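When you line the sequence shown up against the working numbering, it's residues 4 to 523, in that order. Notes follow the structure.
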Amino acid sequence: MIVKINKTASLLLLSGAMLLGPTSCKDFLNEEAPSNLTPASFYTIPDHAEAAIAAVYADLRFVGNGNGIFSSNWQLLEAPTGTSVTETAQNSDLNNLYSLVYDGNTGHVVAWWNGLYRVIANANLVLDKVPGITPMDAAQKSKILAEARFLRAWAYFHAVRLWGDVPLITKPQTTASEDFQPTRTPQEQVYAQIVADLVEAEKAPLDWMYTNGRVGMAAVKTQLAKVYLTMAGFPLSKGASHYKLAADKSLEVITYANANTNVIGLFPTYLEVHREDRENRLEHLFSLQYNVAVAGNPMGNMFPNFKPVTFSGPGGTGSTVPVPSFYQSYETGDLRAKDQEGWFYTTYFTNGNGARFNLGAPYIFKHFNQIANGSEGVAGTRNDNLNMPQIRYAETLLIFAEAQNEVGGPTQATIDALKRVRDRAKLTTPAVSGYTQASFREAVWRERWYELCYEQITWYDMVRLRKVFNDKTKGFVNFVGAVSPASNQPYLEKHLLFPIPKQELLNNPNLKTQNPGYPN
């Protein structure tokens, strides 16, 4: 972490090559060479602020970076869930994630620590330096600072759920900083900072949505609702007070959406969820931005292994494919399990647009870009610009349904929220009288597993609930002792947290001890 938190403005410029909105370059030739820039000399004009916040957005794409053969960083949050397996098994670190035997040397664990603290470091620079830029339009400055707070909160929300107590750094660091080798901060304080950042971001003059991918009010409020929902569960166990906060905050988004159906809502079909011409619109409240000019969509590890489903012919790695029993557990008639209509596919077209052939098993269709790869009779563009969703409106609805039920049991409002999600799947939803608080609770949990699978959300649900979905009974069992269908290995107490990367413990003695159950 020592290297990761000592960033300069020159790095900001390099990582911010793909800006998320138009930025003037008229004064660039009059600036110092990037290699000579420092935070003090860089943050002098509004264009610098725009470049700096673009760099923070760019840093988020570490989630999609490769991690050895047939593996990507995002698989840290998929492989342990028990909803996917690998067909290749050629990456030892990925195999260890599936087998629940990872440790502080596992590449994905290291990459997430480094990636998150890079986001935090560059967000800290924006928050520290942009306020001093004069002259600068007040609304523009307020929006950029709100975005930086959201992105820092995004990073810390991941970090605290992955490792528990983590260093809380809110100011730019140098080797001369007093806390250059920081200690671990108690989780409750980290959550307090996350909430503070998001509450402050809410005060900015943000639009509810931005089609250029920048953070809008719907993302801020839903992220805050997610944080409250997590705080209500394990390990903080805040309970009723925070379920109420989560319900109220998600309801603000739902209320706006109901009055502005052309701005926020669910796409009518599942295909629109993974169409690049629909990204940053309606259902996609916040996504990681991808464009082949800088970085193409990173979800190819979900493509079937050596099956000719794209323009490039036989390819794909199949290193994240559905556990058959999970796929089979979807309700009869659920469109999400229907070939090429929802989240899965069992057939496709040779080389993307040729003759249909059978894949031999279900594969994940959720991140498949038909515009790029081809569809029946239509050649693909070969440019996979599809974004990675982080917050969809479907999740907002499910947050409200779960949280409000915990406050006072099922109501018509909670049923309506759940029903919105199930209606799109062409499923019937019982009336309020058909549920108890306990049965509705599990109904919402089940819907989260089915609706939000393969979006790096399920693992966090398992940890905050201390529950695992049993795809044979369609019920839920305690996390500790449950057996992963992917590996046949049991979840242990230690798996509720990931190990601190070994190199961080060696570089920073103030981190002191490893998380329980892992080698120190």
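Glycine is no exception: its CB is placed at the ideal position from the N, C-alpha and C atoms. In this text the structure is predicted, and so the values were computed from the model without any measurement.
Original post:
Taking C-beta to C-beta, are E286 and R395 nearer than 7 Å?
Top reply: It is a contact, given that the beta carbons lie within the stated cut-off.
* Could you check how far apart the C-beta atoms of K132 and P42 are, in whole angstroms? I think they sit under 8 Å. => With 8 Å as the limit, K132 and P42 qualify as a contact, their Cβ atoms being about 6 Å apart.
Q. Can you tell me whether K525 is buried or exposed, with buried defined as 16 or more other CB within 10 angstroms of its CB?
A. Absent from the model: residue 525. The displayed extent of the chain is 4 to 523, so no value can be given.
Query - M465 in three-state terms, based on DSSP - result: Helix at M465.
**Q.** Segments of 3+ residues assigned as beta strand (DSSP E) that fall wholly inside the region 463-505
**A.** Runs found: 470-473, 478-481.
query: Taking Cβ to Cβ, would you say G321 is nearer than 7 Å to N300?
result: With contacts defined by Cβ atoms closer than 7 Å, G321 and N300 do not form a contacting pair.
**Item:** For H277, three-class secondary structure by DSSP
**Value:** Helix, per DSSP.
Under 7 Å, do A52 and I136 count as touching if we go by C-beta distance?
-> In contact: A52 and I136 (Cβ atoms closer than 7 Å).
Query raised in the report: Taking the DSSP output, what are the residues bridged to H287?
Result: As computed with DSSP, H287 is found in a beta bridge with R395.
| query | By a C-beta neighbour count over all protein chains shown, 10 Å radius and 16 as the cutoff for buried, is G316 buried or exposed? | reply | Result: exposed.
With DSSP as the reference, label T350 as helix, strand or coil. DSSP places T350 in strand when its eight states are reduced to three.
Next on the checklist: Short of 6 Å in beta carbon distance, which residues of its chain neighbour S328, apart from the five on each side in sequence? Order them along the chain.
Outcome noted: Closer than 6 Å at Cβ, skipping near neighbours: D474, P488.
| said: Could you check whether the region 323-339 touches the region 82-89, counting it as contact only if at least three pairs of C-beta atoms, one from each stretch, sit closer than 8 Å? | reply: Touching, yes.
Self-check item: Assumed close pair D106, P502 - CB separation to whole angstroms, cut-off 8 Å
Solution: Between P502 and D106 the Cβ distance is about 5 Å, and since that is below 8 Å, they are a contact.
* To do: Let me know the secondary structure DSSP gives I267 once reduced to three states.
  => Strand at I267.
(request) Quick one: residues in its chain with C-beta nearer than 8 Å to the C-beta of E379, no 5 flanking neighbours on either side, listed in chain order? (result) Result list for E379: F352, N356, R359, in chain order.
Practice task
Buried or exposed for N263, please, with buried defined as at least 16 other CB atoms from any protein chain shown within 10 angstroms of its CB.
Solution key: By the neighbour-count definition (other C-beta atoms within 10 Å, threshold 16), N263 is an exposed residue.
**Prompt:** How is the alpha helix (DSSP H) around K224 delimited, first residue to last?
**Reply:** Here the alpha helix (DSSP H) through K224 covers 220-235.
task: Sort R427, A382, N68, A397 by Cα distance to Y293 and report the nearest one.
output: The shortest C-alpha to C-alpha distance from Y293 to any of R427, A382, N68, A397 is the one to N68.
Quiz item: Should S240 be labelled buried (16 or more other beta-carbon atoms within 10 Å of its own) or exposed?
Solution: With fewer than 16 other Cβ atoms within 10 Å, it is exposed.
| task | Within the same chain, show all residues whose beta-carbon is closer than 8 Å to that of A434, passing over the 5 residues directly before and after it, in chain order. | result | If we look at A434 and ignore the five residues flanking it on each side, its Cβ neighbours are I418.
- Query: Roughly how many angstroms lie between the CA atoms of D30 and F153, to the nearest whole one?
  - Reply: In this prediction, D30 scores a pLDDT of 42, lower than 50, which makes its location untrustworthy; no coordinate-derived value is stated.
Margin query: With a threshold of 8 Å on Cβ separation, who are the neighbours of R284 within its own chain once the five nearest residues in sequence on each side are excluded?
Written below: Same-chain partners within the cutoff: M212, T214.
| query | Measuring CB to CB, does G336 end up less than 7 Å from K429? | reply | The Cβ atoms of G336 and K429 lie closer than 7 Å to each other.
| query | Between N388 and E279, what straight-line distance do the alpha-carbon atoms span, to the nearest angstrom? | reply | Looking at the two C-alpha atoms, the distance is approximately 6 Å.
Margin query: Suppose contacts are defined by Cβ-Cβ distances below 7 Å. Is D210 in contact with G216 by that definition?
Written below: Note that the C-beta distance between D210 and G216 is not below 7 Å.
Relative to the C-alpha of L130, which candidate in L63, E275, Y46 has its C-alpha closest?
Of the listed residues, the one whose Cα sits closest to L130 is Y46.
*Quick one, which of P392, A57, P493, V112 has its alpha-carbon nearest E282's?*
Just measuring C-alpha positions, the residue of P392, A57, P493, V112 sitting nearest E282 is P392.
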